[in-house]
Amino acid sequence: ACRVTDYLLLVLCIIIVAIVTLSITLTVKGKQEPKPNVVLVIADDMGHNDIGYYNQDNDIRTPFLDKLAGSGLRLDNYYGQSICTPARAALFTGRYPFRYGMQGARPLLYGAKIGLPLSENQLLPQIMSEGGYKTALVGKWHLGYASWDYTPLKRGFDKFQGMYGGFADYFTHEMAEPESPGLEVFDLHEQTLDADGTVVETDEANRKLIMDTYGVFSEKLFTDKAVEIIEAHDTRD
């Protein structure tokens with residue numbers, strides 16, 4: 003089935019934090035060193051056994067992730083949140099979600115009048131931006147959109163393409179919440195910031211986005227966009 007009917011939304015979030023120019027440097031023990039580029043990928047609502055190197059039955063294969071794990075650092079002892087919104091809130095704030103009211107057994111639903119509190123103003127992308135990084139979010143936001151101030155470009159990201167909510171059809175990109183049967187709301191946005199910090203998102207651009215992406219599998223759509231942003235970055239900035 004195309005529609006998402008539960009909370010197992012695995013591959014709708016690729017977060018690129020830091021497309022950074024090598025000309026931005028920091029001093030480390032008196033030596034000028036380039037800041038590293040950082041690509042952070044999140045697959046939320048993911049079971050412990052849903053990745054190849056943990057799956058003893060070999061019925062789930064993730065060769066690229068297995069390769070990364072084999073050549074990198076694996077964190078096998080940690081605390082995490084089991085569902086979308088609290089998991090993202092914890093990652094971006096570095097704090098337990100219950101400290102600012104984002105805990106609970108359910109993620110944010112369509113039309114929610116709340117979001118990650120604006121008092122949480124030291125989010126990961128904001129800190130990265132203050133450190134001289136260019137930031138972009140591709141995929142699922144799911145931390146609220148009650149007003150522009152709650153949306154990604156007002157929380158530290160320079161670019162955003164993706165969905166505000168957490169339940170979407172993989173091919174039509176319409177919201178598909180179990181609690182709202184028959185809801186047909188196109189939830190795919192492409193936004194940038196202009197010179198004075200205003201979010202730029204036009205109806206014309208969204209109509210084109212709808213036409214261009216209808217029928218494109220979300221994983222491919224977001225992966226291609228992430229690669230496009232990385233490759234288009236001007237290292238002379």
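Quick note on numbering: the sequence shown equals residues 3 to 239 in my numbering.
Every residue gets a Cβ at the ideal spot worked out from N, C-alpha and C, and that includes glycine.
Where residue i sits in the DSSP three-state scheme
i, result
"residue 153", "coil"
"residue 119", "coil"
"residue 218", "coil"
"residue 246", "For residue 246 there is no data in the structure shown, the boundaries of the chain being 3 and 239."
"residue 138", "strand"
"residue 173", "coil"
"residue 104", "coil"
"residue 204", "coil"
"residue 229", "helix"
"residue 128", "helix"
"residue 111", "coil"
"residue 195", "strand"
For residue j and residue i, the rounded distance between their alpha carbons
i, j, result
"residue 188", "residue 197", "28 angstroms"
"residue 80", "residue 150", "33 angstroms"
"residue 123", "residue 60", "43 angstroms"
"residue 214", "residue 190", "11 angstroms"
"residue 119", "residue 147", "11 angstroms"
"residue 125", "residue 200", "19 angstroms"
"residue 39", "residue 228", "14 angstroms"
"residue 164", "residue 35", "33 angstroms"
"residue 95", "residue 211", "31 angstroms"
"residue 208", "residue 202", "11 angstroms"
"residue 55", "residue 226", "26 angstroms"
"residue 115", "residue 58", "43 angstroms"
"residue 100", "residue 166", "22 angstroms"
"residue 186", "residue 72", "42 angstroms"
"residue 92", "residue 75", "21 angstroms"
"residue 48", "residue 175", "21 angstroms"
"residue 88", "residue 98", "8 angstroms"
"residue 83", "residue 127", "20 angstroms"
"residue 154", "residue 130", "14 angstroms"
"residue 42", "residue 232", "13 angstroms"
"residue 132", "residue 230", "24 angstroms"
Beta carbon of residue i nearer than 7 angstroms to that of residue j
i, j, result
"residue 144", "residue 168", "yes"
"residue 46", "residue 62", "no"
"residue 135", "residue 177", "no"
"residue 152", "residue 103", "no"
Whole-Å CB distance - residue i paired with residue j, under 8 angstroms assumed
i, j, result
"residue 219", "residue 141", "13 angstroms between Cβ atoms; not a contact."
"residue 156", "residue 138", "No, residue 156 and residue 138 are not in contact; Cβ-Cβ is about 14 angstroms, not under 8 angstroms."
"residue 257", "residue 159", "In the structure as shown, the chain starts at 3 and stops at 239, and residue 257 therefore has no counterpart that could be examined."
"residue 85", "residue 65", "Not quite, the Cβ-Cβ distance comes to about 27 angstroms (not below 8 angstroms), so this is no contact."
Proximity test, residue i beta-carbon vs the ligand ATP heavy atom, cut-off 6 angstroms
i, result
"residue 224", "What this structure holds is no ligand at all, so the ligand ATP is not there to describe."
Going along the chain, which unbroken runs of the beta strand (DSSP E) with 3 or more residues stay wholly within the stretch 21 to 101?
27 to 30, 33 to 36
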